[in-house]
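Respectively, the protein sequence lines represent chains R and S. The first sequence begins at 3 in my numbering and counts up one residue at a time. The second sequence begins at 3 in my numbering and counts up one residue at a time. This report refers to the structure that appears directly beneath it.
Number of protein chains: 2
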Amino acid sequence: MGQRKSGHVTLHDVARACGYSVSTVSIVLSEAPLSQNVAASTRERIRKMARQLGYHPDAFARSLRRRRSQTIGVLAYDLSDPFCTPIVRGIQDGLQPAHFVPLLIDAQTQRKLFDSYLRMILERRAEGVIVIASWIFQETNLLADIEKNHVPIVIVGRDLTGRNISSLLVDNEAGGEMSLRHLRDLGHRHIAVIRGPEELFDSEPRWAGVQRAAAASGVSIDERLVFQLPNLMDSFTGFEGGLAFARQMLASRRPFTAVIAFDDLTALGVVRGLTEAGRRVPQDCSVVGFDDVLPAMVATPSITTIHQPLKEMGLLAAAWTLQAIEAREKGAGKRIQLHQAAPQLVVRESTAPPASKEKSKKQQA
Amino acid sequence: MGQRKSGHVTLHDVARACGYSVSTVSIVLSEAPLSQNVAASTRERIRKMARQLGYHPDAFARSLRRRRSQTIGVLAYDLSDPFCTPIVRGIQDGLQPAHFVPLLIDAQTQRKLFDSYLRMILERRAEGVIVIASWIFQETNLLADIEKNHVPIVIVGRDLTGRNISSLLVDNEAGGEMSLRHLRDLGHRHIAVIRGPEELFDSEPRWAGVQRAAAASGVSIDERLVFQLPNLMDSFTGFEGGLAFARQMLASRRPFTAVIAFDDLTALGVVRGLTEAGRRVPQDCSVVGFDDVLPAMVATPSITTIHQPLKEMGLLAAAWTLQAIEAREKGAGKRIQLHQAAPQLVVRESTAPPASKEKSKKQQA
DNA sequence: AACCAATATTCAAACGTTTGAATCTTGGTG
DNA sequence: CACCAAGATTCAAACGTTTGAATATTGGTT
């Protein structure tokens with residue numbers, strides 16, 4: 003009935019329907035400070051009518067006028083990677099109390115999409131941007147655009163403080179250390195390592211951590227048992243890489259009793275490869291992953307891994323973004339921060355002490 | 003430099019900078035039909051200046067004026083469920099060519115969040131809504147609101163055509179049949195079944211399919227080998243349920259050589275339970291899942307399952323929504339549709355013929 | 001009776017676009 | 001030289017809000 007041209011009920015409609023001016027209605031419905039001055043009876047009447055007509059304020063008009071979008075762009079490099087979703091959830095939860103909404107989109111590991119969606123995010127006047135990144139994010143040209151528009155940006159999963167961007171990631175090196183130390187404590191001495199792809203930021207520090215812990219605890223790592231995943235990678239090539247390397251390792255007949263895989267999917271690939279060849283995990287060979295994503299938890303044996311506090315990282319990313327926005331409003335200069343979240347060793351079923359002391363016997367069979 | 007009060011470059015800025023009126027600049031930059039009448043030289047000049055200043059049209063102002071948001075609200079019941087993400091990807095891909103953007107949010111299986119986010123979607127004037135649903139979506143009050151605002155809506159994962167909503171889901175019954183027939187063809191006769199939670203729409207038809215195929219192929223299902231998952235469920239309780247039931251089945255000492263699990267996570271739980279008790283999959287017991295999500299693929303043994311064409315379903319959902327929007331513009335009445343996507347059996351490592359004992363030996367023939 | 005301070009409500013301009021209608025240039029034609 | 005049709009550009013109103021300033025309505029003091 004009250005609907006004029008647009009399919010939506012507007013302030014105007016409500017005003018006309020209850021005989022007050024648009025201003026009054028607006029003041030009441032948006033609970034502006036002035037609404038204290040509005041007679042309680044009027045308030046009641048207006049509210050009732052609004053409800054009755056099914057009025058919802060138009061976010062566009064409101065944002066245009068208030069110059070606030072209440073939106074944070076969230077750009078995930080690959081939503082189907084189980085790594086992303088807990089972070090996203092943390093972000094959403096962190097934004098909600100401030101009445102901000104994430105504008106969440108999936109770059110599907112394609113640079114082209116990434117770019118065009120980033121532009122879209124700017125056009126929708128996001129007040130901040132959170133990028134969940136990995137290799138996809140190495141160019142700076144878009145950053146320049148963002149900077150030009152003074153939109154605060156936080157990146158999770160990479161350290162880009164060098165390019166003046168607040169960054170949030172797990173302490174990869176500590177995680178690497180943990181995995182090696184765990185295996186060492188179990189008694190392993192012949193440990194294979196599958197490093198991450200060269201392009202991926204996490205690869206280097208994890209490997210460094212492993213090496214450091216090895217040196218510190220007197221374990222030497224046989225170079226011939228160190229592999230590296232190839233570059234192009236969606237969450238699935240990790241699995242395939244793990245599988246391929248496991249086969250390769252076994253074929254080389256070089257003895258090893260444990261594998262440190264770059265991430266959980268890689269670890270699962272390794273398990274597959276070992277199982278294929280008749281090696282049992284963990285009795286014949288231990289495997290440890292990294293990330294602690296769902297598949298690692300529900301596989302049998304479940305994968306011992308290095309847990310990343312993903313949800314907490316998402317929460318923090320949201321908090322930083324909001325606080326950067328606030329700072330900008332107050333005219334405060336922007337402050338770039340870095341946080342390395344503490345990883346945590348989660349011991350599950352895929353690791354155990356190495357078989358017996360006569361290692362070669364069983365393993366070469 | 004050109005930026006006045008807002009942090010953003012506006013049409014006005016561009017106009018002033020190159021000495022044309024706002025209208026002209028708008029016409030050129032938005033490639034309106036009138037822009038054919040604009041001298042090529044002016045066009046060039048304007049474009050160049052826009053680029054130089056870093057102008058991006060304000061989506062709010064544009065949407066307000068054009069009365070189009072170019073946005074489809076996408077409400078996922080649980081983004082961290084690996085079931086959701088492929089659908090989301092399909093939706094996003096289906097929307098892109100039409101220059102629509104999904105406003106994607108995660109209801110986290112909470113009705114309260116679901117409601118408040120749905121309102122938010124309406125306020126942001128989404129031109130359509132796609133709900134990826136399961137149990138969470140059983141009330142109609144919100145639907146009424148949506149209807150009132152004439153926003154087309156499509157639901158994927160449930161049949162709500164009864165409530166006048168276009169629905170898109172897998173043919174659960176066919177899937178159920180497939181899983182039973184697969185096991186039967188392998189020679190299994192003692193098959194346990196774990197049904198889905200009662201509240202979940204999929205549960206019933208899958209079970210019906212299993213029963214139908216059983217009847218048709220002369221396999222009888224022992225009622226005492228039929229279980230049902232409890233109601234409250236995030237994607238993880240499926241796993242726990244499977245594990246619990248596996249233990250229970252084994253404890254009952256009732257013989258069975260295969261398990262049909264409600265979904266992949268449940269299947270993985272079953273595998274865990276069987277393994278715990280020393281039963282090998284598939285040599286001692288076969289397990290089949292449903293959905294074909296990532297964890298089923300990367301586990302060892304990989305899980306034989308019923309594949310849902312999730313991405314295609316997402317694409318179709320997007321197409322339907324867009325076409326409903328178009329129809330509404332043309333004043334055509336709304337048409338509600340139903341599609342049951344064809345599932346597909348994916349044979350992997352978790353199923354095999356039953357161990358050849360007394361009875362099964364004969365039946366293999 | 002004039003004045004004041006609350007209290008209650010409305011005006012009108014603005015946010016950044018788009019677009020139908022209006023205006024201003026042209027050069028070409030009769 | 002008056003006239004016209006394109007061709008090129010601009011006017012001005014609108015989209016649905018918000019908000020500082022203005023106005024109208026009270027009853028209460030001097």
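Built from N, CA and C at the ideal position, the CB exists for glycine as well. The structure displayed is predicted, hence computed values, not measured ones.
- The residue among S:Ala19, S:Pro356, S:Gly21 with its C-alpha nearest the C-alpha of Gly189 (chain S) is S:Pro356.
- Every beta strand (DSSP E) stretch that sits fully inside the stretch 45-130 of chain R and reaches 3 residues is listed by chain position as 73-78, 103-108.
- With contacts defined by Cβ atoms closer than 8 Å, Val133 (chain R) and Leu105 (chain R) do not form a contacting pair.
- When C-alpha distances from Glu179 (chain S) are compared across S:Pro345, S:Glu351, S:Ser352, S:Thr353, the shortest belongs to S:Pro345.
- Using beta-carbon distances, Lys150 (chain R) counts as an interface residue toward chain S, with a partner under 8 Å.
- The beta carbon of Leu124 (chain R) sits closer than 8 Å to some beta carbon of chain S.
- Contacts with chain R at 8 Å (Cβ-Cβ) do not include Gly333 (chain S).
- In the three-state reduction of the DSSP assignment, Thr307 (chain R) falls in the strand class.
- Contiguous beta strand (DSSP E) elements confined to the stretch 168-223 of chain R occur at 168-172, 193-197, taking only those with 3 or more residues.
- Residues are counted here when their Cβ sits less than 8 Å from a Cβ of chain R; for the stretch 34-59 of chain S these are Gly56, His58, Pro59, given in chain order.
- Residues Leu188, Pro284, Gln285, Ser288 of the same chain have their beta carbon placed closer than 8 Å to that of Ala354 (chain R), with the five preceding and five following residues left out of the count.
- Looking at the backbone, the Cα of Ser37 (chain S) and that of Val30 (chain S) are separated by about 5 Å.
- In the three-state reduction of the DSSP assignment, Gln38 (chain S) falls in the helix class, which pools H, G and I.
- Excluding residues up to 5 positions away in sequence, Leu124 lie with their Cβ nearer than 8 Å to the Cβ of Asn151 (chain R) in the same chain.
- For the stretch 79-101 of chain S, the set of positions with a beta-carbon nearer than 7 Å to some beta-carbon of chain R reads Leu81, Ser82, Pro84, Thr87, Pro88, Val90, Arg91, Gln94 in chain order.
- When DSSP states are grouped into helix, strand and coil, Gln346 (chain S) belongs to the strand group.
- With 16 or more neighbouring CB atoms inside 10 Å of its own CB, Leu115 (chain R) falls in the buried class.
- DSSP places Phe264 (chain S) outside both helix and strand once states are collapsed to three, so it counts as coil.
- The beta-carbon of Thr268 (chain R) is placed no less than 8 Å from the nearest beta-carbon of chain S.
- Leu267, Leu270, Gly271, Val273, Arg274, Thr277: these are the residues of the stretch 258-292 of chain R whose beta carbon lies less than 8 Å from some beta carbon of chain S, given in chain order.
- As a beta-bridge residue in DSSP terms, His341 (chain S) pairs with S:Leu170.
- Contact between Lys332 (chain R) and Arg91 (chain R) fails: their C-beta atoms lie close to 29 Å from each other, not under 8 Å.
- With contact defined as three or more Cβ pairs closer than 8 Å, the stretch 250-260 of chain S and the stretch 214-222 of chain S are not in contact.
- The three-state secondary structure of Val158 (chain S), taken from DSSP, is strand.
- For Gln230 (chain S), there is no enclosing alpha helix (DSSP H); the residue is part of the beta strand (DSSP E) that begins and ends at 228-230.
- Taking the Cα of Ala17 (chain S) as reference, the smallest distance to any Cα among S:Tyr57, S:Leu162, S:Val195, S:Gln112 is reached at S:Tyr57.
- Closest in C-alpha terms to His101 (chain R), from the list S:His101, S:Cys86, S:Tyr119, S:Leu347, comes S:Tyr119.
- For the options S:Gly244, S:Thr302, S:Pro207, the alpha carbon positioned closest to that of Leu270 (chain R) is the one of S:Thr302.
- The stretch 291-302 of chain R and the stretch 62-78 of chain R do not touch, with fewer than three beta-carbon pairs separated by less than 8 Å.
- DSSP places Ser288 (chain R) in the strand class (E or B) of the three-state scheme.
- Relative to Ile262 (chain S), the option among S:Pro207, S:Pro232, S:Ala194, S:Ala248 whose CA is nearest is S:Ala194.
- Counting only residues of its own chain and dropping the five nearest sequence neighbours on each side, Val212 (chain S) has a CB closer than 8 Å to the CB of Gly178, Glu179, Ser181, Leu182, Val195, Ile223, Ile262.
- Using a CB distance below 7 Å, no part of the stretch 14-26 of chain R faces chain S.
- In the three-state reduction of the DSSP assignment, Asp15 (chain R) falls in the helix class, which pools H, G and I.
- Separation of Thr111 (chain R) and Ser82 (chain R) (C-alpha to C-alpha, rounded to the nearest whole angstrom) is 10 Å.
- Asp80 (chain S) sits buried, since 16 or more C-beta atoms from the chains shown fall within 10 Å of its C-beta.
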